[in-house]
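One structure is given below, encoded as structure tokens.
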Amino acid sequence: MTITVEKLSRSFGDIQAVKGIDLHVERGETFGFLGPNGAGKSTTIKMLCTLLRPTSGRAWINGYDIEREASQVRQGIGIVFQDPTLDEYLTAEQNLYYHCMIYHTPRKTRAARIRDVLQLVGLDERR
Numbered sequence: 260m261t262i263t264v265e266k267l268s269r270s271f272g273d274i275q276a277v278k279g280i281d282l283h284v285e286r287g288e289t290f291g292f293l294g295p296n297g298a299g300k301s302t303t304i305k306m307l308c309t310l311l312r313p314t315s316g317r318a319w320i321n322g323y324d325i326e327r328e329a330s331q332v333r334q335g336i337g338i339v340f341q342d343p344t345l346d347e348y349l350t351a352e353q354n355l356y357y358h359c360m361i362y363h364t365p366r367k368t369r370a371a372r373i374r375d376v377l378q379l380v381g382l383d384e385r386r
């Protein structure tokens, strides 16, 4: 995976959370975001994962533009959130369906993938 970022910024009203960062990470390199609370680490990662639009600047993940080709970006990355992303009012099957929709899993394969995941984690009997 390659990551290229050019002058990426994000503001929330008058607060500039990310201030025109540039970086390039080649396939096989290890890169980390370090800094104090409020430095813009989480905001930057959310933009790179297409969960938050930048105010300005551009970024590409594996050659895909994070704004113009968000679906392709999402198909090539995995995200582990700090907080749970499950809706406690939905069943496991419904939560998986919801995430399939967000990540544009093709309709043809959705049901089979959900079934496989439920079976993998031992929840196939408790849909």
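Residue numbers for the sequence shown, in the numbering used here: 260 to 386. Using N, Cα and C, we set each Cβ at its ideal position, and we do this for glycine too.
- Looking only at S270, G291, V380 and Q275, the smallest Cα-Cα distance to I262 is reached by G291.
- Between the region 262 to 271 and the region 306 to 318 there are three or more C-beta pairs closer than 8 Å, enough to call the two in contact.
- Measuring C-alpha to C-alpha distances from V284 to each of Q275, L307, E326 and S270 identifies L307 as the nearest.
- When the alpha-carbon of W319 is set against those of L311, L310 and V332, the nearest one is in V332.
- In this structure the region 321 to 330 does not touch the region 341 to 356; the number of beta carbon pairs closer than 8 Å is below three.
- In the DSSP secondary-structure assignment, F271 is bridged to I274.
- Nearest to E352 by alpha-carbon distance, out of G335, T302 and D375, is D375.
- Between I336 and Y356, the CB-CB gap reaches or exceeds 8 Å.
- Annotation for A318: no alpha helix (DSSP H) segment contains it, though the beta strand (DSSP E) segment containing it runs S315 to I320.
- Sorting I304, H358 and T302 by C-alpha distance to the C-alpha of R369 places H358 at the top.
- In the three-state reduction of the DSSP assignment, I373 falls in the helix class, which pools H, G and I.
- Between the alpha carbons of E384 and E288 lies a distance of about 41 Å.
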